[in-house]
Amino acid sequence: MRTLLSFLLLALASVVAAISTSGNRLLVVLDDVADKATYSKFFADLAEREFKITYETPKSDSLNLFNLGERTYDHVLFLPVHTKGLGPNLTPMTLLDFVNAQGNILLALSANTTTPTSLVSLLSELDITLPTDRNSLVVDHFNYDITSAADSHHVLLLPAPKPVRAGIKDFFSEDAGSKLIAFPRGVGAVLGNGELLNPILRAPPTAYSYNPKEQAEVVDDLFAAGQQLSLVSTVQARNNARVTVVGSAEMLQDKWFDASVTKLDGKPVVQTFNREFAKRVSGWTFQEIGVLKVNWVEHHLEEEGAPNDSNPEMYRVKNNVSYTISLAEYAWDHWIGFNVPESDQVQLEFSMLSPFHRLNLKEESRRLAAVHYHTVFTIPDQHGIFNFKVNYKRPLLSNIEEKNTVSVRHMAHDEWPRSYAISGAWPWIAGIGATVSGFLGFVALWMYSAPVAAKKVTVKKTQ
Amino acid sequence: MRWLPALLSASLFAAGSFAAKKSSEERFAEFHAKQTSHAPVKLTDVSFKSLTTAPRDYSVAVILTALDARYGCQLCREFQPEWELLSKSWVKGDKSAESRLVFGSLDFGDGRETFMGFGLQTAPVLFFFPPTAGPHAAASPEPIRYDFTNGPVPAEMMHSWLVRHLDGRPHPPVKRPVDYLKWAVSFTMITGSLTGVYVLWPYVVPVIQNRNVWAAFTLIAILLFTSGHMFNQIRKVPYVANNPRGGVSYFAAGFQNQYGMETQVVAALYGILSFAAISLAVKVPRIADPRSQVITVWAWSGIILVVYSFLLSVFRVKNAGYPFYLPPFM
Amino acid sequence: MDQSVNDSEPLQQPAPPRGSTNHQITAIMSADSLERLAVAGKGDSTRTLLRVIILLLIAGAAISSRLFSVIRFESIIHEFDPWFNFRATKYLVANGFYKFWDWFDDRTWHPLGRVTGGTLYPGLMVTSGVIYHALRALSIPVDIRNVCVLLAPAFSGLTAYAAYLLTNEMTPSSSAGLLAAIFMGIAPGYISRSVAGSYDNEAIAIFLLVFTFYLWIKALKLGSMLWGALCALFYGYMVASWGGYAFITCLLPLHAFVLICMGRYSTRLYVSYTSWYALGTLASMQIPFVGFLPVKTSEHMPALGIFGFLQLLAFLDYVRSAIPSRQFQTFLWVFAGSVFGIGLTGLVIATSAGYIAPWGGRFYSLWDTGYAKIHIPIIASVSEHQPTAWPAFFFDLNMLIWLLPAGIYLCYQKLADEHVFVIVYALFGSYFAGVMVRLMLTLTPVVCVAAAIALSTILDTYLKAKSPIPEEHLVEEPTDGTSKKVSKPGLRASSKPYIGIYATFSKVTVAGAMTAYLLMFVAHCTWVTSNAYSSPSVVLASRMPDGSQHIIDDYREAYQWLRQNTKDDAKIMSWWDYGYQIGGMADRPTLVDNNTWNNTHIATVGKAMASREEVSYPIMRQHEVDYILVVFGGLLGYSGDDINKFLWMVRIAEGIWPDEVKEREFFTPRGEYRVDAGATDTMKNSLMYKMSYHNYNNLFPPGQAQDRVRGVRLPDDGGPVLNSIEEAFTSENWIIRIYKVKDLDNLGRDHASASAFERGQKKKKVIKKKGPRVLRVD
């Protein structure tokens, strides 16, 4: 039945192939529909991934994120605009509602233009902080492009980012080779400590953010520097809606897509990695990669002679129970089985108020579009309402929070071992036997004994 | 409790000058010496301040009390022996002073300023000053306050309260000294009473075998119980109360409560009624003389009528809207 | 004491003489009662027929006087516990007995669940289940609800009959039994727990109590093993039905003990007691909930002790009948006494050593009346565990309360074993009733019996048609055989010979007066029943200004809302009083309910209610709470609301977390419990306060918000603000308010700032110019 299921999933996957898991209606907000030409390659890539792109300016009246309470777009891409406000259709509240309704937002900033206030307050709600003064930008006197930004070192050259920790899937630096990411005239953001935030691309240790206008001579009171500066940062809300902030919109433009850059140490000219990086960032934001799903969850009694029907409502204390969960991951255009990275584990909690078991799930079997994780364990000797809980939340992967509630009942009155099966009870059983036989013997003696005794008894009786 | 540190520092300011001279080590040594000789240490304003000055690497438990008779603090006097017992057995229990705890008691007579410093209206109050230095240093120098909201507590409960704030340190248990006198007294009492019973046996027997005695005892007990005596016992109701108009009200308003006087009246009424019933049932038919019999019948019937109607009127006071009544008390 | 027994009457000839005197008396008394009743009906059969008719009428009266609530409102289950019994009965009827026995209820005490089958007294449910199935078998289609609603009245009829039987054992006068029956039938003290719809254990337990006592007396009188066994059987039924069985378990041994001390040990006593104890204990141990308590806990120890003592006495009795030497006997008595004493001390030691469980809290609080208030607030908090004020006695028993002592006195007159029983019962019953309101129930039967004895004696005396002739009595006074024997040690009052009433006039007077009082008693009972005991506290009735009746149905409105608007397994958190009702009417899982077996869990709820939102929210998430239900009477002036119960929540929580919840902080420095502007911050920030007064100001013009229960004006500061929960439902009269627990914020903000943003307040820049900046670590 599981195989059947996975086949169905396969069929499903092939149907929905090549579009994002959460729809393909993309809205692009930019200053002037004309200047989308500068991003033509980027948009071409998106269109090729079957996104239906709509171009709007913030002021236009036809711009509506919601229609009758339903999202009209699945994704929004903000390119830098010159106006300070975004108008009544894009208030921070609307944008938050959009995110809460599982819409994804890709946000491209630029040092040349001020970030609109509604976006700033949206970001501050997400605990992402931008420099307070307008057009302050990130420079680095060690990793910059000598060809384009010879004196004003504001075109940063960075290697494709590796995961921060072991056990995190690597989405952005695969087959990057020696290519570099060019980050021209970008804004760096400072992230709070929330676990929903994740920096993809961080500034090199030698970078810092300053304002060329006011702080031309001397830089006092830095906004932020080094690793704290996040150039491309992501937020994944609890409902898996994704918000990405790209510090420099310019890096998405055609001219940087296959430009060639040179580092300070006069290394030979290298190609920029921007095009691929842009594709992956947009792909991640628009739910094309890093999306997990639970195909099904199945648990049953693992006892011999017991009926093993799937997902029963109730177990008994000290039962053996088997639990299986089938996970899949979306890769650009189809579902594949999800393999847990090295040095990471999918864990099952069997909990009431607090976990009674926390077990690592083993990979049981691998199908085309699913990997089944499985374990068998014994229910603790405590009745109550328990939860099978799989709570797998990792950076850059959508959340998995599976909760299946079962009741664990006590031993029924006839489920205990019989008394004669317990060796300790034999003396008592013997005692019962002795008493019964003794009593019977006494009665017999009483009834068939001589009338003399009987007379005595009658005397006692009358008293 | 916000104001507490401020006040504390204020009150400590005066003492600060000389308290600062001594290190907390010395201070602890000094006070511990005192409490080994006699615990709890009897404090005054000055010694209290020096004892509780921060920084201190020891903890202090001080009872602020008012033992003097003229303050009429019953609770203080009830708790003081318990406190002494606790401190003594604690100090005995840990001779090497590993728990580094000083027990003190500050009487209102010697510590007015301290009382004012804490803005205390009531006594007793127990303050526990956690150490501000050393391994068990607490975050804030603020003392932890224990109000005796629900009555006097035995030494054991206070002990457990202290233990909660003294984790990771030895907690010598409370040792109640055996009260030999009490044992002796009770023993002699028992033996005495036994011998008394033995001697008086011939005289006691007729009494305990007399039905009238038992009957009287039973009836009285039943009357007490059914007239809400246990309620008085448990709720400690007043005997009578003054009503707002200055007079004395014998009957509590409301269905759910009562006064002591009231219950006695009711018990008496019940008693009369049942006695009347008894005599009607038992005495009257045994009167040989017809005329006196008729008179008694009439007398008792009259009494029942009057008393019962009075009872009903009383009940109407308790339960407004009770519709039934009898003449003459309408 | 033992010696006194020795002197009073040597045990060689214990039973027969007294027995025979009894017979003589009954013979004589019944003789004149016979000719008295001959006036009413001719012959024996007529009398029996009359009796049957009268008893049937009494049963009818008893039942019909309990139907007020059904007629006024509808056939509905009443206040709290009955709702659980009803639910359990439905489960039993649906799933059969064995399923019921092993029932694990996963919809109460979330997430612990309750092993219901093993923690309840199944008697009630099984009884109504049997009735239901029997009616079905007779092809009478009946709804289980109606069976449950009408069970209590039906059993009250049986109780009246049981009272009749019991009283007939006490006195030969046949009118006493009928009087007792009617008293039992309509006494408010019993009606209070047995009106139609109050489907509680007491409904059948009282019948079992009285009937068990009847069987005990019967067994004692006849000294028959059969009746003892019957007594044990019904005792077992009683144990299966009500926790109050401990009353029997303690009263019968006490009776036996008193008899022994009076030197009335007899083989009858031995046979009846031993057969009752042996079989009864075995029977009681069959109930899962009771299990091994009868041999483990102190409540049951007296019965065991007397059992042992009786064996000892029997042995001694046998020995002394064999060896009739004076000294040896005294030695034996000393021996017996010492064994008894040793056994007692051994018991005490075993208890203190912990081999025998000490008294259960509820039970112990009967003796040490201050105990519960200090140690077990959860018991002290229950309203029906409060002591009884005298008006309650009069309210529940009216004239019977002053006839009781008279009856007891009459019992002293001819002090046979059964009268001793009545005396002991009356003494202890009245004590318990004085300590706990609910135990009025156990007092009522004996009051009815005693009152009936007294009243019947009066009536028999004054309703006798033929008057004695003065002269002959004046002469033949000295030679009066009967009454001498009646009062052997005798009471002073009854020392003189019995004559009778001469004047018809006085007869008429007394009889008339008594009849009047009786009529008034009936009126009183009816009035009390209809006004006090017939409202199903689920539906409140109030009077409009124009006197018309207005039904306040908020409870059912709210429960219906829950049933229809929440998902099937939404966990409802409320104070434990409403647990059973939510389970029964709304059919939703609850955290705590009226079966207060787990103090910690209740304290958890208390803590959640008494703490700040930031503290309670994690607790509620941990317990998967979806909705919170609070009762608020401020608008209507409904005094039984949660703010008035709040202090108990605080106390119970403080019992477990003395450092986190402090009762002191809910009182102002001047020691007042206030909810208006003067309330303490702890009070104002507590979840309960916020939930009660949330949005309450908007009902009134500014500054006019008024709490009609506490009778105070609320501060005009826009009312409390809730961040982590949101109002879901408020009933018509604001009695029930239901709140929904919010989920975690989607963007990972804390609820305070999230809802601040909702309210349109700009979040201030997190960049702090001064102080070290918070660096992000990955």
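Protein chains in written order, with the working numbering: chain A, 398 to 860; chain B, 4 to 333; chain C, 10 to 787.
Using N, Cα and C, we set each Cβ at its ideal position, and we do this for glycine too.
By the rule that beta-carbons nearer than 9 Å mark a contact, A:Phe-783 touches chain C.
When secondary structure is reduced to three states using DSSP, C:Thr-739 falls in the strand class.
The closest CA to that of A:Ala-634, considering only C:Arg-56, C:Asp-754, C:Ala-196, C:Gly-245, is found on C:Asp-754. In chain order, Trp-399 make up the part of chain C whose C-beta sits under 7 Å from the C-beta of B:Ser-230. Non-local C-beta neighbours of C:Arg-717 in its own chain, meaning closer than 8 Å and more than five positions away in sequence, comprise Gly-642, Gly-643, Leu-644, Leu-645, Gly-646, ordered along the chain. Only exposed fits A:Arg-562, as fewer than 16 other CB atoms lie within 10 angstroms of its CB. A Cβ-Cβ contact shorter than 9 Å links C:Ile-86 with C:Tyr-208.
The bridge partners DSSP lists for A:Val-642 are A:Leu-504, A:Ser-630.
Approximately 5 Å separates the beta-carbon atoms of C:Glu-633 and C:Lys-580; this is inside 8 Å, confirming the contact. Three or more Cβ pairs closer than 8 Å define a contact, and the stretch 334-353 of chain C falls short of that threshold against the stretch 287-302 of chain C.
For the pair A:Arg-806 and C:Gly-122, the CB atoms are nearer than the 9 Å cut-off. Under the 8 Å Cβ criterion, the stretch 196-214 of chain C counts as touching the stretch 77-84 of chain C, having at least three qualifying pairs. With a threshold of 9 Å between beta carbons, B:Trp-186 makes no contact with chain C. Rounded to the nearest whole angstrom, the C-alpha separation of C:Ala-161 and C:Ser-73 is 12 Å. If one requires a minimum length of 3 residues, the beta strand (DSSP E) runs lying completely within the stretch 544-575 of chain C are 549-552, 558-561, in chain order. Annotated three-state conformation of A:Glu-701 is coil, per DSSP.
Contacts with chain C at 9 Å (Cβ-Cβ) do not include A:Pro-513.
Every alpha helix (DSSP H) of 4 residues or more that sits fully in the stretch 47-78 of chain B is shown, in chain order, as 48-55. Residue environment: A:Ile-686 is assigned as buried (16 or more neighbouring CB atoms within 10 Å of its CB, all protein chains considered). Proximity of chain B to C:Pro-396 at the Cβ level (cut-off 7 Å) is accounted for by Met-233, Phe-234, Ile-237, Arg-238, in chain order.
Chain C places no beta carbon closer than 9 Å to that of B:Glu-85, leaving this residue out of the contacts. Shown here, C:Ser-439 sits in a helix according to DSSP, grouped into three states. Listed in chain order, the beta strand (DSSP E) elements of length 3 or more contained wholly in the stretch 79-160 of chain B are 104-110, 128-132, 147-150. Nearest to C:Ala-737 by C-alpha distance, out of C:Leu-224, C:Ile-747, C:Val-730, is C:Ile-747. Residues of the stretch 671-682 of chain C with a Cβ closer than 7 Å to any Cβ of chain B, in chain order: Glu-672, Arg-673. Under the Cβ distance rule, B:Arg-179 does not count among the residues neighbouring chain C, no pair being separated by less than 9 Å. Between C:Ser-84 and C:Gly-727, the alpha-carbon positions lie close to 44 Å from each other. Scanning chain C for C-beta atoms nearer than 9 Å to the C-beta of B:Asp-150 yields Lys-671, Arg-673, reported in chain order. With a cut-off of 8 Å on Cβ pairs, the stretch 452-468 of chain C is in contact with the stretch 189-199 of chain C, counting three or more such pairs. With 16 or more neighbouring CB atoms inside 10 Å of its own CB, C:Met-179 falls in the buried class. Note on geometry: alpha-carbon atoms of C:Pro-710 and C:Arg-673 lie some 34 Å from one another. Residue-level contact by beta carbon fails for C:Asp-209 and chain A, as no gap is shorter than 9 Å. Excluding five sequence positions before and after C:Lys-227, the CB atoms of its chain that fall closer than 7 Å to its own CB belong to Glu-178, Trp-236, given in chain order. Within its own chain, the residues whose Cβ lies closer than 7 Å to the Cβ of C:Leu-239, once the five positions on either side in sequence are excluded, are Leu-224, listed in chain order. Taking 9 Å as the threshold, the shortest C-beta distance from A:Ser-804 to chain C falls below it.
Interface flag for C:His-119 against chain A is set, since a Cβ pair is found closer than 9 Å.
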